[in-house]
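Below: one structure, written as structure tokens.
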Amino acid sequence: MPRKPKSAQDTVVTREMTVNLHKRIHGVGFKRRAPRAISELKKFASQQMGTSDVRIDTRLNKHVWSFGIRNVPFRVRVRLSRKRNEDEDSANKLYTLVTYVPVDTFKGTQTKNVDE
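Numbering (the numbering used here), first residue to last: 93 to 208.
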């Protein structure tokens, strides 16, 4: 039986991206904005990296909540790291770690691969 080719989803990779939170929480009520922003970040990371297990760094969580529950930052620069799961008995082989990258301005920022 032929071996199946290695999928791009199985490789460990790190990317730096900008997420527009403003368009993702448009129309959400005040008391749900920051919680929805966190869930939208998880959904974005899951779509980009192809993993169902997504973990949010505490610095990113603090940044999203920094202006309160109602006033979420319009954009946030994040680093998405697809990593191997050390726990052998877990259902997922890979997980995604989402960390905060502080930037002065979002002008001209593009998605870039980061070497670790």
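Where a beta carbon is used, it is the ideal one built from N, C-alpha and C, also for glycine. For clarity, every value in this text was computed on a predicted model and none was experimentally measured.
Which residues share a DSSP beta bridge with residue i?
| i | result |
| --- | --- |
| K175 | Y187 |
| E108 | R171 and K204 |
Let me know the secondary structure DSSP gives residue i once reduced to three states.
| i | result |
| --- | --- |
| I130 | helix |
| K199 | coil |
| V156 | helix |
Note down the Cα distance separating residue i from residue j, rounded to an integer number of angstroms.
| i | j | result |
| --- | --- | --- |
| P165 | S182 | 34 Å |
| W157 | A126 | 6 Å |
| A129 | G142 | 19 Å |
| N184 | L152 | 23 Å |
| T197 | F136 | 21 Å |
| S173 | V120 | 28 Å |
Between which two residues does the alpha helix (DSSP H) carrying residue i extend?
| i | result |
| --- | --- |
| R162 | First-last for R162: undefined, no H or E at that position. |
| R116 | L113 to R116 |
Within the continuous beta strand (DSSP E) that includes residue i, where are the two ends?
| i | result |
| --- | --- |
| R147 | V146 to I148 |
Inset, instruction - Inspect the CB distances between the segment 165 to 174 and the segment 99 to 116 and report whether three or more fall short of 8 Å. - result: yes
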